[in-house]
Structures are given as structure tokens and as C-alpha cells.
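Single-structure report; data block below.
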Amino acid sequence: MVLLRLNLHGFKSFADPVEVQFPGRIVGVIGPNGCGKSNIVDAVRFVLGEQSLRLLRARKIDDLIFAGNIRRPATSMGEVGLTLDNSTRWLDIDYPEVEIRRMIQRDGESRYFLNGAAVRLKDIQKMFMDVGVNKGHYSVIGQGQVQMIVSASPEERRQYFEEAA
Amino acid sequence: MVLLRLNLHGFKSFADPVEVQFPGRIVGVIGPNGCGKSNIVDAVRFVLGEQSLRLLRARKIDDLIFAGNIRRPATSMGEVGLTLDNSTRWLDIDYPEVEIRRMIQRDGESRYFLNGAAVRLKDIQKMFMDVGVNKGHYSVIGQGQVQMIVSASPEERRQYFEEAA
Amino acid sequence: CRDRFADVFHRVAAHFQDVTKKLFLGGEGKLILTESEDMMESGVDIQLRPPGKGFTSIASRSGGEQSLAGLCLLFSLFMEKPSPFCILDEVDAALDDVNVGRLARLIEEFSEKIQFVIVTHNKVTMQIANCLFGATMEEAGITKLISVRMKRAQEAALAASA
Amino acid sequence: CRDRFADVFHRVAAHFQDVTKKLFLGGEGKLILTESEDMMESGVDIQLRPPGKGFTSIASRSGGEQSLAGLCLLFSLFMEKPSPFCILDEVDAALDDVNVGRLARLIEEFSEKIQFVIVTHNKVTMQIANCLFGATMEEAGITKLISVRMKRAQEAALAASA
Ligand SMILES: Nc1ncnc2c1ncn2[C@@H]1O[C@H](COP(=O)(O)OP(=O)(O)OP(=O)(O)O)[C@@H](O)[C@H]1O
Ligand SMILES: Nc1ncnc2c1ncn2[C@@H]1O[C@H](COP(=O)(O)OP(=O)(O)OP(=O)(O)O)[C@@H](O)[C@H]1O
Ligand SMILES: [Mg+2]
Ligand SMILES: [Mg+2]
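Quick mapping for you: the protein sequence lines, in order, are chains H, F, W and B. As numbered in this note's numbering, residues 861 to 1025 make up the first sequence, in order. As numbered in this note's numbering, residues 861 to 1025 make up the second sequence, in order. As numbered in this note's numbering, residues 24 to 185 make up the third sequence, in order. As numbered in this note's numbering, residues 24 to 185 make up the fourth sequence, in order.
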């Protein structure tokens, strides 16, 4: 059970700080259409270092940051933190809990932090690639992704295998 | 309430003759995955004269005719009949009930019948186009079609409007 | 040709405003020409303002919001070129219970003039059917149809929406 | 490069056979290379034999059958490159109640080694969650999360599957 909690603030529809806890082996997320469930899924990809705007369901960087509503202004940046249990040291880093945090600004600049210390994207990617979590490409099955692999041409489908290599 | 019944025999998974009745204003079709619900929808498009294999979820003509199972051989042809109530003469033909029937053979040849009399496809198309039923293009919303119009490009979406013109 | 498209577009856009107001209680939708100067080339954009939110292109909305807006457009095209019947195949797949209920009420409203055949797995949608037929495959690969009692489906739907 | 793809392909194809047997009780699936001679260019086809039916390409199957097969492939790729957690967003949308139940049992089986976060509207799927969180927007456009009692969801699910 490695996921402990996900903290979001300023990311997409999370204008206020929200903490998602993962207290069990199977955690369910439910709620009405348009309330932010898939935004939570996007946040996990985001904090794991996803660079493709398409996979983050965004057309420009701005789309990742809270755009404001009738009463509240847009925020200038968005931030997501994912805290993982590392008591078994499955991640090659000497901490019992590991928090990865990513902040993004409207100019597109992203900053990454590992337990509070500034790091580069590739440090985070390396740490995860060693244990099979590649930007969440296999760990995250997004809404509609099942239909996509079914309707893909045999050649497009090959790319999924090449990514798993 | 113009739909009276749909008769299928040899079309897709309807190896044996099946009659679907439409005794109400809102008729529900339910059942497990893969049992033939969308095949009924395809049958309506088919009998209204649909020529596009893609819209009939077929890759070749053969796919429209019962392919056989472990115990039963494939059939040589498929047939669908749709009977409509014409007591208000909404269709420009002097019968209180109108039955359109379409038979298709493995060589691809289709035959059309109006109340038992052999007619050409364009006779049926003309009768329906005058009352707004154009091969079921607006009357039939297939599985996944809603998502298609949403993910279409603005230019692709224009075609839907051009068809409605 | 350009005039025909322009006429159809404006009428369908008017229907779209009305239908979206019904499906998005407190919200609304707009159809926008991508090239308002060039009717020969213009595409059609879908903009949506769900209740309380701002207008954006449909692309930045959730799966269920997109589904509802797509249905509004298909219904608007249908109102432009109406037919006495309409067949819907699992159009409720992405919707939450409240939206399934709103769609069901819209279908009931249209059913005064249009006869519907609705394929669904959703127990709330099943409630508006006058009669239900079940597709089964007792013999593998061969479809049979059976009549299904409304009462049992209704009880399940009432419990499911509780 | 060709050897790597070939190795990955064969291992994933083996997983696919096992997983499809679990999701299609009495049925099975196969992954087929489109160009078995030319590993540099070959694409991957999905063939499916639902219980009692014959083997065909996934393209001639129903929406729900395709969905189930697509999930089997994604799980098979996942087994090739496992991660300690897996996030699923509304993957049950096209499934009937029996298939939702089979998917739920498969997830429970995997959950011994993998932690799952599952977004769903389906009351049968909700039953396997140890805990439920509800995303809400009391203030328009702003997401809040609340804890949801399992019991009420369970009662609704039991009634829905009755
Ligand atoms: N940068 C942003 N600022 C404000 N709101 C945003 C931003 N990005 C996305 N949203 C909004 O978040 C809302 C919720 O999206 P999300 O896709 O998470 O819904 P969902 O709960 O998954 O719904 P469904 O059940 O329909 O899939 C959408 O209306 C979307 O427009
Ligand atoms: N020509 C044919 N001969 C025999 N079987 C066929 C033929 N064409 C299609 N089928 C089969 O009919 C089955 C049912 O298809 P259909 O798409 O109608 O299912 P459905 O009830 O809509 O299911 P779902 O709920 O998953 O959408 C499929 O397994 C398909 O392979
Ligand atoms: Mg979603
Ligand atoms: Mg179907």
C-alpha cells in the first residue's frame, strides 16, 4: 500500500487546498459529472512528471492552473504533492515517506521537489523508472483509454508494447 | 407511434426468426454484453437502406449475415423487415400498414420489398426522405456516436449540419 | 452551398440553446462558427457553460459534460430534421444518476411526438420505458428476445437511486 | 528494436491469455502479430472468443466485449511492467452487471499486491472499495472531497444487482 495522500492546490478545479487520502488497498472516488474526479487522475500523472499536455487533458499550460470562477480570481500557479510510503525502501531513497511535489506557473515553468528539496524532473523520473512507474503510463488508465486501445490500428497498438519494453 | 414491429432472420446474430415489437412510445431494450442489442439497432439502419458498411459495424458484406456457431452453419442470406403504422398516411403510400423488407446475400446483392412487392432502393429512400427519415441518419444514434460528435474537429462536425440540410 | 448551411446552422443553434438549458439546469450551451466570415469553410465549435461555471469549449469539460452536450447537439439536429421515431444506443453510459434522470425526462417530453427505442444498461433509464425487452443468447451466438417485467426493473431502479 | 518488442510481445500475449480466461469465463483472447515474419513492422491484433462463440477480431465484437478485451490488454501490459499502484478512471462504463462483477473480482485479486484508486459511477464497483471519497462542487467550479459511508452505497448496490 504505497499511496498515502495526494495534496492539490491551484491545480485545475482545486482552487482551495484539497487532500485525498488513500487509506486502503482499493480506494473509490465517486461523484457527479464535472466535479473533479478525472482531475484527480490528471494530478497523479502530472506530479509523476507527465509532459504531454494531451495526456493531461490540456491544450495549453494555462489549462492546468485554476482558471477562476464568477467569484474567485484565477490562481497564478498550481501545485500537486504525492506522498508515498517507503517503509520497505522500494524507492531507492533513504526516507520512510517520500513526497514528490510539482509546481507549475502560467509561463509554463515547472519546479519539482523531493521531500522539500528542489530536484530536477529527471531525478524523479529515474527514481520511478527503476521501479516500473514510468510517468504513470501503465499505472494510470484514463477515461476512454480502454476504447482507444481497442479502436487503434494494429500499428498504433504496437506503441503500447514498445513503451512497455 | 409509427413503429409496429421489426422482423429479423439471418441478419447478424439472429440465426432464427426473431420479432421485436414496439407496443409503446418508449421501448426499452436491455440485456448482457454481446447479446444482440446493437445488432437490432444496426438492423433498423440496414432495412432503411444504409449502404455504408462502417455505419452497419461491418467490414465486408458477409459480416451482416449469420456466420454460424459451433452447432449451426452460416446462413446464405440475411433479412430484416420493419412494419410501420401508416393509418395517418404520413407515408405517401395507400396502405394502413407499411412493411419494408431488405434481403442481402453473401455476394452482396440486396433486394428490397414494399408490402411484398419488389422495389428499388431509391423508391424506399424517396418515400422516407419526403418525411425526414434519411436512412436513419438522424433517427439512429449508435453506441459511441455521441462521443464521436464531441471529439470531431469543427470541420468534421460541419458535415452533420450539411446532412441535415 | 453556403446559404443552406447558414440557415441550418442558425436553426440548429437556436434548438441547441433551448435543449442545453433543459439538460444543464442552470447552465447553457452555444454553437459557434469557427469562421463566421467564410460560411463555405467554417466548422462548428461547441461551447458550454455548466451551472455556475464559465463558457469554455467542450474540449475542456468532463466526460459526462461532453456526453450531455453531444446529446444536445444530436437532438438539435434531430429537431431540425425530425423523424417520427428515434433509436438511442447506450447514450447514457457516461452520465451520473442526476443527469440520467434529466435525460430521461427530456426523452419523455419528446416522446409525445416521437417514438423512442432505447438500448440501455442503466436502471434509471429503464424506468421511463413503457415496456422492456431483453436480448439473450441461451444458445451461444444466437439472439432471442424475451419480454421483461417492468416491476422488477423499477424496484431495482428505485433502490439504486436511493 | 526487434528483439525487445518480440520478447515483450510474447510475455504480454501469455498474460493476455490468462487474464481473458478470467474476465470471459468460458471464453479466451489471443494477441496476434499482423506480420509474424517482420517483427520490425508488425502491428498487434486482438482476437476474442467469447464463451460459446468463435474466434474473431475484436472489431466485430460488441461495445462491452471490446471494453473487456481492451481492459485485459491494459492489465497484461501492466503485468509486464508492474507498478505498486494503479489508477482506473470509469473503465466499467460499457459493462453489464455480470461483467462489472467479474472485473471487480479481478481487481480484488490484483489488489493483494497492487493498490487501486478507482473512479466510478457504478454501484457494483463501489462495493469492492475499502473506502469511498466523493468529489463535490458546492462552490461552482471548485472541487472539494468528502468521505462517503460505505453502508449506504453497499445497500444500493445490493438492490441494484438484485
Ligand atoms: N484549469 C481549470 N480551472 C478551473 N476548472 C477546470 C480547469 N480544468 C478543468 N476544469 C474543470 O473541472 C471540471 C471537472 O472535470 P473532471 O473531468 O475532473 O470531472 P469528472 O468528475 O471526472 O466528471 P465525469 O464524471 O463527467 O467524468 C470540468 O468542468 C472542467 O472544465
Ligand atoms: N454476422 C454475424 N454472425 C454471428 N454473430 C454476429 C454477426 N455479427 C455480429 N455478431 C455478434 O453479435 C454479438 C452481439 O453484438 P451486439 O453489438 O449487438 O451486442 P450488444 O448487446 O449491443 O452488447 P453491448 O452491451 O456490449 O453493447 C457480438 O458478439 C458479435 O460478434
Ligand atoms: Mg471524468
Ligand atoms: Mg451494444
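By construction, the Cβ of each residue, glycine as well, lies at the ideal position given by its N, Cα and C atoms. Keep in mind the model is a prediction, meaning the values are calculated, not measured.
Query	Result
Boundaries (first-last residue) of the beta strand (DSSP E) holding asparagine 867 (chain F)	863–869
Aspartate 193 (chain B): CB within 7 Å of a non-hydrogen atom of ligand 3	Outside the modelled stretch of chain B, which goes from 24 to 185, sits residue 193 (chain B), for which no answer is possible.
Span separating the alpha-carbon of leucine 118 (chain W) from that of isoleucine 890 (chain H)	12 Å
Below-8 Å beta-carbon distance, serine 999 (chain H) vs any chain W residue	no
Any non-hydrogen atom of ligand 1 closer than 7 Å to proline 877 (chain H) Cβ	no
Uninterrupted alpha helix (DSSP H) stretches inside the region 118–146 of chain W (no shorter than 4 residues)	120–133
Glycine 86 (chain W) Cβ short of 7 Å to ligand 6 heavy atom set	Ligand 6 is absent from the structure shown, which contains only ligand 1, ligand 2, ligand 3 and ligand 4.
Sub-8 Å separation of valine 123 (chain W) and asparagine 145 (chain W) beta-carbons	yes
Isoleucine 69 (chain W) - containing beta strand (DSSP E), residue span	67–72
Serine 898 (chain F) CB to nearest heavy atom of ligand 2 below 7 Å	yes
Residues of the region 894–914 of chain H with Cβ closer than 9 Å to any Cβ of chain B, in chain order	Gly894, Cys895, Gly896, Lys897, Ser898, Asn899, Ile900, Val901, Val904 and Arg905
The region 94–112 of chain W in contact with the region 103–116 of chain B per 3-pair CB rule at 8 Å	no
Selection from W:Cys95, W:Pro74 and W:Asp68 that minimises the alpha carbon distance to alanine 82 (chain W)	W:Asp68
Alpha-carbon spacing of leucine 168 (chain W) relative to lysine 872 (chain H), whole angstroms	47 Å
8 Å Cβ cutoff met for glycine 888 (chain F) and threonine 159 (chain W)	no
Best match in B:Glu64, B:Arg125, B:Leu129 and B:Ser90 for proximity to isoleucine 1009 (chain H) [C-alpha to C-alpha]	B:Ser90
Contact check, arginine 84 (chain B) vs phenylalanine 78 (chain B), beta carbons under 8 Å	no
Check: glycine 894 (chain F) C-beta below 7 Å from any heavy atom of ligand 2	yes
Glutamine 1055 (chain F) CB to nearest heavy atom of ligand 4 below 7 Å	Because chain F is modelled from 861 through 1025, residue 1055 (chain F) falls outside the range shown and cannot be assessed.
Interface flag, asparagine 153 (chain B) vs chain H, CB-CB below 8 Å	yes
Strand pairing of glutamate 103 (chain W), partner residues [DSSP]	Paired residues: none, contrary to the question.
In chain order, each alpha helix (DSSP H) run of at least 4 residues that lies wholly inside the region 864–941 of chain H	897–907
Glycine 87 (chain W) and asparagine 893 (chain H) closer than 8 Å at C-beta	yes
Glycine 1004 (chain H): contacting residues in chain W (beta-carbon distance under 8 Å)	Gly86
From B:Gln138, B:Leu96, B:Phe156 and B:Ala92, residue whose alpha carbon lies closest to that of phenylalanine 47 (chain B)	B:Ala92
Beta bridge counterpart(s) of lysine 167 (chain W) as assigned by DSSP	W:Thr159
Any C-beta of chain W under 8 Å from that of lysine 76 (chain B)	yes
Span of the alpha helix (DSSP H) around glutamate 1023 (chain F)	1014–1023
Min CB distance leucine 974 (chain H) to chain B below 8 Å	no
Helix, strand or coil at glutamate 88 (chain W) [DSSP, three-state]	helix
Within-8 Å CB hit, valine 121 (chain B) to chain F	yes
Beta carbon of arginine 962 (chain H) nearer than 8 Å to that of valine 940 (chain H)	yes
Classification of threonine 148 (chain B) by the beta-carbon crowding that lies within 10 angstroms, buried from 16 upward	buried
is_contact[leucine 118 (chain B), chain F] using C-beta, thresh 8 Å	yes
8 Å Cβ cutoff, alanine 82 (chain W) in contact with chain H	yes
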